[in-house]
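Asks: In order, the protein sequences belong to chains A and B.
Each residue of the first sequence is one higher than the last, beginning at 1 in UniProt numbering.
Each residue of the second sequence is one higher than the last, beginning at 1 in UniProt numbering.
2 protein chains.
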Amino acid sequence: MWYKVITRSLKTLSYVGSYKKIRDRPHRLFYAAVLGTGYVAYSQYKKSKVEMKEIIQLHNYMAEPITPVDQLERNRDDMKTQMELLIMRIQAEFCKALEKEEDAAWEDEKTADEYDFENDVFLMSPEAKFKVDRWMRKEGGGGISCVLQDGRVFEKAGVNISVVSGTLPPAAVQQMRSRGKNLQNSELPFFAAGVSAVIHPRNPMVPTIHFNYRYFEVRDKDGVQWWFGGGTDLTPYYLNEEDAVHFHQTLKQACDDHDKTYYEKFKKWCDDYFYIPHRGERRGIGGIFFDDVDTPSQDAAFKFVTSCAEAVIPSYLPIVKKHKEDAYGYHERQWQLLRRGRYVEFNLMYDRGTKFGLHTPQARYESILMSLPLNAKWEYMHEPSQNSAEEKLMKVLKEPVEWLNFNKSEGREGRSTA
Amino acid sequence: MWYKVITRSLKTLSYVGSYKKIRDRPHRLFYAAVLGTGYVAYSQYKKSKVEMKEIIQLHNYMAEPITPVDQLERNRDDMKTQMELLIMRIQAEFCKALEKEEDAAWEDEKTADEYDFENDVFLMSPEAKFKVDRWMRKEGGGGISCVLQDGRVFEKAGVNISVVSGTLPPAAVQQMRSRGKNLQNSELPFFAAGVSAVIHPRNPMVPTIHFNYRYFEVRDKDGVQWWFGGGTDLTPYYLNEEDAVHFHQTLKQACDDHDKTYYEKFKKWCDDYFYIPHRGERRGIGGIFFDDVDTPSQDAAFKFVTSCAEAVIPSYLPIVKKHKEDAYGYHERQWQLLRRGRYVEFNLMYDRGTKFGLHTPQARYESILMSLPLNAKWEYMHEPSQNSAEEKLMKVLKEPVEWLNFNKSEGREGRSTA
Chain A
1 MWYKVITRSL KTLSYVGSYK KIRDRPHRLF YAAVLGTGYV AYSQYKKSKV EMKEIIQLHN
61 YMAEPITPVD QLERNRDDMK TQMELLIMRI QAEFCKALEK EEDAAWEDEK TADEYDFEND
121 VFLMSPEAKF KVDRWMRKEG GGGISCVLQD GRVFEKAGVN ISVVSGTLPP AAVQQMRSRG
181 KNLQNSELPF FAAGVSAVIH PRNPMVPTIH FNYRYFEVRD KDGVQWWFGG GTDLTPYYLN
241 EEDAVHFHQT LKQACDDHDK TYYEKFKKWC DDYFYIPHRG ERRGIGGIFF DDVDTPSQDA
301 AFKFVTSCAE AVIPSYLPIV KKHKEDAYGY HERQWQLLRR GRYVEFNLMY DRGTKFGLHT
361 PQARYESILM SLPLNAKWEY MHEPSQNSAE EKLMKVLKEP VEWLNFNKSE GREGRSTA
Chain B
1 MWYKVITRSL KTLSYVGSYK KIRDRPHRLF YAAVLGTGYV AYSQYKKSKV EMKEIIQLHN
61 YMAEPITPVD QLERNRDDMK TQMELLIMRI QAEFCKALEK EEDAAWEDEK TADEYDFEND
121 VFLMSPEAKF KVDRWMRKEG GGGISCVLQD GRVFEKAGVN ISVVSGTLPP AAVQQMRSRG
181 KNLQNSELPF FAAGVSAVIH PRNPMVPTIH FNYRYFEVRD KDGVQWWFGG GTDLTPYYLN
241 EEDAVHFHQT LKQACDDHDK TYYEKFKKWC DDYFYIPHRG ERRGIGGIFF DDVDTPSQDA
301 AFKFVTSCAE AVIPSYLPIV KKHKEDAYGY HERQWQLLRR GRYVEFNLMY DRGTKFGLHT
361 PQARYESILM SLPLNAKWEY MHEPSQNSAE EKLMKVLKEP VEWLNFNKSE GREGRSTA
């Protein structure tokens with residue numbers, strides 16, 4: 001049993017980009033593996049509303065946590081630990097759910113080209129698995145970037161976590177103060193941990209999803225200030241009202257379990273945030289978006305964020321499964337590429353995360369820009385033709401809809417809020 | 001003769017997007033045509049260093065000038081008129097030079113599909129001609145956008161002129177003051193006229209070119225301040241040192257004719273400007289870039305800008321002709337698309353023109369964003385392989401080269417300036 005567990009932990013660790021470095025220090029590996037075993041016993045653990053504390057499940061993560069495991073262990077009650085373990089789990093669950101779709105597509109479509117005659121097995125194409133990069137930051141902390149590119153179902157899928165600490169430059173502090181934070185106006189020590197993902201499927205009938213959940217701590221002379229931020233939003237290429245309702249309903253449920261006022265507020269925030277001013281259109285059909293959540297208590301806020309992060313898979317995977325084999329042709333692909341151009345415009349020009357990230361010295365730009373689609377297109381003066389499916393999408397991007405008041409008898413446009 | 005000339009002017013005007021509007025007012029059209037005839041007599045006119053004044057050659061332009069022709073005529077000596085006529089001519093000459101390349105490619109490649117049996121002629125594909133949009137701005141002025149998309153030689157070519165006037169918002173005045181302009185700190189009336197173009201060829205062996213030449217006037221209580229800005233720069237996908245030398249040599253000649261210190265200064269400015277900080281690389285191999293040129297006299301500065309604008313065709317077209325039929329495959333196309341992704345990053349994130357343009361209320365975003373390539377690509381963690389042609393390009397993008405001190409005996413890298 002002990003042997004098996006260690007082997008399993010070894011196998012997990014061999015996933016990690018930094019494996020070679022670890023391999024050169026056998027004592028460290030053994031240490032990590034033994035530590036791992038301590039938690040495998042918990043692996044049958046079921047989430048419950050009573051016990052929200054994350055379990056250290058080394059063998060389930062995409063790579064070794066950024067913070068040393070013994071340090072996480074010593075600080076189990078610290079929110080920094082709680083958040084790091086949450087984002088590690090969310091990343092792994094989401095990546096595995098997507099890989100499962102790739103596996104299924106591979107099973108359906110595998111050809112003789114992928115047959116290894118010598119060993120009498122089908123070879124899995126390397127594109128169908130996430131490439132895992134664990135990276136450390138000189139200034140403190142690091143991250144784990146998981147990218148699947150050129151898969152059968154997903155053209156580009158990036159799921160990133162980062163756990164960083166250091167000193168906030170005065171400009172960043174200034175920006176926080178302008179947002180209403182009562183902070184000293186100087187360089188301040190900070191901690192930030194977050195998970196963020198953008199999934200660009202291949203089939204234009206499957207929407208792109210983005211989500212991001214993060215925790216922030218800043219320390220000044222009066223003590224530590226903390227808050228949570230995040231959101232999940234959907235960017236379809238072709239509008240399917242049923243999917244839009246399912247998506248919003250799932251997010252609303254996650255909100256309602258914590259505060260009945262959240263969904264309405266955070267839905268509007270999302271519509272306002274993902275706006276491309278020069279085009280007068282939203283990036284997609286929204287979802288939820290929030291920042292600076294620090295009530296009613298740290299534990300309650302964490303539970304809310306946990307619910308949101310756990311709602312990603314049920315909000316999105318059913319839509320992927322439903323449409324991943326829908327028929328499409330050149331026309332739909334071209335439209336998808338044009339809309340991906342808009343996605344690029346928003347992310348490079350207006351997204352705070354991208355801008356803030358890229359302007360940070362020594363930023364790992366590959367992890368920040370992995371949100372960009374594999375392919376995008378810009379056509380001069382492209383206009384969808386009248387009464388086309390493309391024009392139908394544009395209408396809801398120009399005037400956001402209250403999907404949960406969506407009433408079929410009112411016609412297929414739902415109720416506009418603009 | 002009169003009849004012929006009028007017909008010719010009519011034919012030119014029928015090019016214009018706003019033709020229908022003009023057609024509804026026959027008297028206006030007649031007026032414009034007759035005005036045109038007055039200048040056809042000059043069409044044999046040769047440029048000379050002595051007489052720099054632009055001739056109003058309606059029949060040669062891509063559309064009717066933005067400023068009414070009679071107003072241009074009344075203010076022939078005004079720099080605003082001079083500049084508008086220069087950019088009209090530069091736009092037309094450049095568009096026609098590019099169309100000629102499309103024509104030649106069409107002659108070489110035309111197939112039976114394009115044969116009109118009824119009329120016994122080959123049909124020119126509509127993609128091989130510039131689409132001309134003449135647009136007016138509510139606040140004053142307008143522009144002419146010429147775009148050729150999906151051609152045989154050019155994947156996307158945009159050549160835009162704009163002639164606008166109105167009131168500068170305080171933020172824009174503030175930005176000019178921070179650049180050293182001695183201006184009152186309030187809303188100020190302004191005039192701006194410029195030509196700008198980005199050409200993305202299909203063949204990855206042919207570089208992308210960008211140029212922009214502009215004239216600016218601001219009036220405050222102390223009178224009118226004016227200046228010129230502009231530049232031309234090249235973005236190859238595969239480095240050809242001979243082409244780089246030819247390109248820089250042609251621009252240097254245009255500078256040297258006016259001021260022997262210009263090329264060195266403006267070449268460095270170009271390397272500094274087209275920089276993508278998060279990647280630590282330049283967009284291309286540079287060229288020249290300048291702003292705030294207001295010496296030694298308005299006339300001399302205009303002559304300098306005229307020389308630069310006239311140097312675009314001789315700097316670029318020989319390179320197009322030389323490489324437009326070079327062999328390439330999937331690999332080279334993929335690299336071109338990745339580099340076009342970098343082009344998008346620079347233009348959306350760092351280019352002052354794009355940012356300034358898109359943040360202007362009621363900006364014509366289609367004209368601003370026509371600089372974006374038809375297709376672009378982002379791959380996670382793409383690295384050119386060692387000693388590849390792609391890596392050779394990356395070297396000069398990371399460390400700009402003094403092409404005109406380029407010495408073959410020093411090896412193929414030239415002399416680095418970084």
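A virtual CB, placed ideally from N, CA and C, is assigned to each residue, including glycine.
Verify the CB distance criterion: does residue 384 of chain B have a CB-CB separation below 8 Å to chain E?
Replies: The displayed structure is made up of protein chains A and B, and chain E is not among them.
Asks: Grab the span of the beta strand (DSSP E) containing residue 148 of chain A for me, first residue to last.
Replies: Note, residue 148 of chain A: beta strand (DSSP E), 141-149.
Asks: Output, in sequence order along the chain, the residues in the segment 151-167 of chain B whose CB is closer than 9 Å to any CB in chain A.
Replies: Of all residues in the segment 151-167 of chain B, 156, 158 have a Cβ within less than 9 Å of some Cβ in chain A.
Asks: To which residues does DSSP link residue 420 of chain A through a beta bridge?
Replies: Absent from the structure is residue 420 of chain A, since the part of chain A shown begins at 1 and ends at 418.
Asks: Closer than 8 Å, CB to CB, is residue 419 of chain A near chain B or not?
Replies: Residue 419 of chain A is absent from the structure shown; chain A starts at 1 and stops at 418.
Asks: So, at 8 Å on beta carbons, what are the nonlocal neighbours of residue 131 of chain B in its own chain, with the 5 sequence-adjacent residues on each side left out?
Replies: Closer than 8 Å at Cβ, skipping near neighbours: 146, 147, 148, 149.
Asks: Compare the C-alpha of residue 248 of chain B against each of B:308, B:185, B:167, B:237 and name the closest.
Replies: Of the candidates B:308, B:185, B:167, B:237, the one whose C-alpha sits nearest the C-alpha of residue 248 of chain B is B:308.
Asks: Report the rounded CA-to-CA distance for residue 353 of chain B versus residue 264 of chain A, giving the unit in angstroms.
Replies: Rounded to whole angstroms, residue 353 of chain B to residue 264 of chain A spans 38 Å at the Cα level.
Asks: Check distances from the C-beta atoms of the segment 228-242 of chain A to those of chain B and list, in chain order, the residues that come in under 7 Å.
Replies: Per Cβ criterion, the list is empty.
Asks: Any C-beta of chain A within less than 7 Å: which residues of the segment 346-366 of chain B qualify?
Replies: Cβ contacts with chain A: 348, 349, 358, 363, 365, 366.
Asks: Give a yes or no on whether the minimum CB-CB distance between residue 119 of chain B and chain A is below 8 Å.
Replies: Cβ-Cβ to chain A under 8 Å: no for residue 119 of chain B.
Asks: Under a Cβ-count criterion, where at least 16 other Cβ atoms within 10 Å of its own Cβ denotes burial, should residue 351 of chain B be classed as buried or exposed?
Replies: Classification of residue 351 of chain B: buried, given that the 10 Å Cβ count is 16 or more.
Asks: Are residue 197 of chain B and residue 240 of chain B close, meaning C-beta to C-beta below 8 Å?
Replies: Cβ atoms of residue 197 of chain B and residue 240 of chain B: not closer than 8 Å.
Asks: Using a Cβ-Cβ cutoff of 9 Å, what residues of the segment 69-92 of chain B are near chain A? List them in chain order.
Replies: Of all residues in the segment 69-92 of chain B, none has a Cβ within less than 9 Å of some Cβ in chain A.
Asks: Whole angstroms are fine: how far does the CA of residue 59 of chain B sit from the CA of residue 277 of chain B?
Replies: One C-alpha to the other measures close to 45 Å.
Asks: Strictly under 8 Å for the Cβ-Cβ distance: is residue 253 of chain B near chain A by that measure?
Replies: Closer than 8 Å: no.
Asks: Between the Cα of residue 193 of chain B and those of B:390, B:67, B:387, spot the shortest distance and give me the residue it belongs to.
Replies: Checking every option, the nearest Cα to that of residue 193 of chain B belongs to B:67.
Asks: Does residue 213 of chain B get closer than 8 Å to chain A when you measure Cβ to Cβ?
Replies: So, not an interface residue.
Asks: Quick one: which chain B residues come within Cβ less than 7 Å of residue 370 of chain A?
Replies: Going along chain B in sequence order, the residues near residue 370 of chain A (Cβ under 7 Å) are 380.
Asks: Under the assumption that residue 102 of chain A contacts residue 158 of chain A (Cβ atoms under 8 Å), give the Cβ distance between them as a whole number of angstroms.
Replies: Residue 102 of chain A to residue 158 of chain A, Cβ: 15 Å. No contact.
Asks: If you compare alpha carbons, which of B:134, B:141, B:90, B:154 is closest to residue 323 of chain B?
Replies: Comparing Cα positions, the closest option is B:154.
Asks: Can you have a look at residue 400 of chain B and say buried or exposed, based on whether 16 or more other CB atoms are within 10 angstroms of its CB?
Replies: By the neighbour-count rule (16 or more Cβ atoms within 10 Å), residue 400 of chain B is buried.
Asks: Against residue 279 of chain A, what residues of chain B qualify as contacts under a CB-to-CB distance less than 7 Å, listed in chain order?
Replies: Per Cβ cutoff of 7 Å: 365.
Asks: Which runs of the alpha helix (DSSP H) fall wholly inside the segment 151-182 of chain B and span at least 4 residues, in chain order?
Replies: Qualifying alpha helix (DSSP H) stretches, in chain order: 170-178.
Asks: What in chain A is Cβ-close to residue 172 of chain B, meaning under 8 Å?
Replies: Neighbours of residue 172 of chain B on chain A: none; closest Cβ ~17 Å, over 8 Å.
Asks: For residue 227 of chain A, report the span of its beta strand (DSSP E) as first-last.
Replies: Here the beta strand (DSSP E) through residue 227 of chain A covers 223-235.
Asks: Would you say residue 374 of chain B faces chain A, with C-beta separation under 8 Å as the test?
Replies: Taking Cβ atoms only, chain A reaches closer than 8 Å to residue 374 of chain B, which makes this a yes.
Asks: Would a C-beta distance cut-off of 8 Å place residue 54 of chain A and residue 71 of chain A closer than the cut-off?
Replies: Taking 8 Å as the Cβ cut-off, residue 54 of chain A and residue 71 of chain A do not qualify as a contacting pair.
Asks: Using 10 angstroms around the beta-carbon of residue 419 of chain A, count the other beta-carbons present and answer buried if the total reaches 16, otherwise exposed.
Replies: Outside the displayed range of chain A (1 to 418) lies residue 419 of chain A, so it cannot be described from this structure.
Asks: Beta-carbon within less than 6 Å of residue 105 of chain B's beta-carbon, same chain only, minus the 5 sequence neighbours each way: which residues are those?
Replies: Closer than 6 Å at Cβ, skipping near neighbours: 152, 153.
Asks: Under DSSP, the alpha helix (DSSP H) around residue 191 of chain A begins and ends at which residues?
Replies: No alpha helix (DSSP H) contains residue 191 of chain A, which is instead part of the beta strand (DSSP E) from 188-201.
Asks: Write down the C-beta distance between residue 233 of chain A and residue 274 of chain A rounded to the nearest angstrom, noting that I regard them as a contact closer than 8 Å.
Replies: Indeed, because the Cβ distance is near 6 Å, the residues count as touching under 8 Å.
Asks: Within the 8 Å Cβ cut-off, does residue 21 of chain B reach chain A?
Replies: Note that residue 21 of chain B scores a pLDDT of 36, beneath 50, so its modelled location is shaky and nothing firm can be said.
Asks: Report back the beta-carbon spacing between residue 229 of chain B and residue 292 of chain B to the nearest angstrom; my notes put them in contact at under 8 Å.
Replies: Confirmed, about 7 Å.
Asks: For residue 140 of chain A, tell me which candidate among A:108, A:121, A:163 has the shortest Cα-Cα distance.
Replies: Ranking the options by Cα distance to residue 140 of chain A, first place goes to A:163.
Asks: Should the segment 213-220 of chain A be called in touch with the segment 177-193 of chain A, which here means at least 3 C-beta pairs below 8 Å?
Replies: As far as the Cβ criterion goes, the segment 213-220 of chain A touches the segment 177-193 of chain A, which means the pair count is three or higher.
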